[in-house]
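One point on numbering: in this note's numbering, the residue at position 62 of the sequence shown is 67, and numbering is uninterrupted.
Here a beta-carbon is modelled for each residue, glycine too, at the ideal position from N, C-alpha and C.
These numbers were taken from a predicted model, which means no experiment stands behind them.
Remarks on the structure that follows.
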Amino acid sequence: NLSLVPVGTGLALCSATEVSFNMVGFLAAIVNNCLDCVQNVFSKKLLNSHYNYVNLQFFTSVAALCVQLPYMLYSHAPDLLAARESLTAE
Numbered sequence: 006n007l008s009l010v011p012v013g014t015g016l017a018l019c020s021a022t023e024v025s026f027n028m029v030g031f032l033a034a035i036v037n038n039c040l041d042c043v044q045n046v047f048s049k050k051l052l053n054s055h056y057n058y059v060n061l062q063f064f065t066s067v068a069a070l071c072v073q074l075p076y077m078l079y080s081h082a083p084d085l086l087a088a089r090e091s092l093t094a095e
């Protein structure tokens, strides 16, 4: 798994001279690259088994929904509730 070393090094070099460098953003980019590599490995293994492209896309979308939905509800719940209350008040 040394293929991530050049990607991480290139990302570090590009970020090092950035004026508005943010460590959280840098770490998010590194984690994203790692997760992309893991997804590619598992996708290739699943495509060699009994899954096809449509099944793989479906299950990847469901997994992404399960990961993102709790955060979306947590971060947008006050706005959604306020909008609902304003609609029912009219």
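Check, Outcome
"Indicate whether L40 and L52 have their beta-carbon atoms separated by less than 8 angstroms.", "no"
"Does the beta-carbon distance from G13 to N38 come in below 8 angstroms?", "yes"
"Please state the DSSP three-state secondary structure of T22.", "coil"
"Pick out the complete beta strand (DSSP E) segments inside the segment 60-92, 3 residues or longer, and give them in chain order.", "none"
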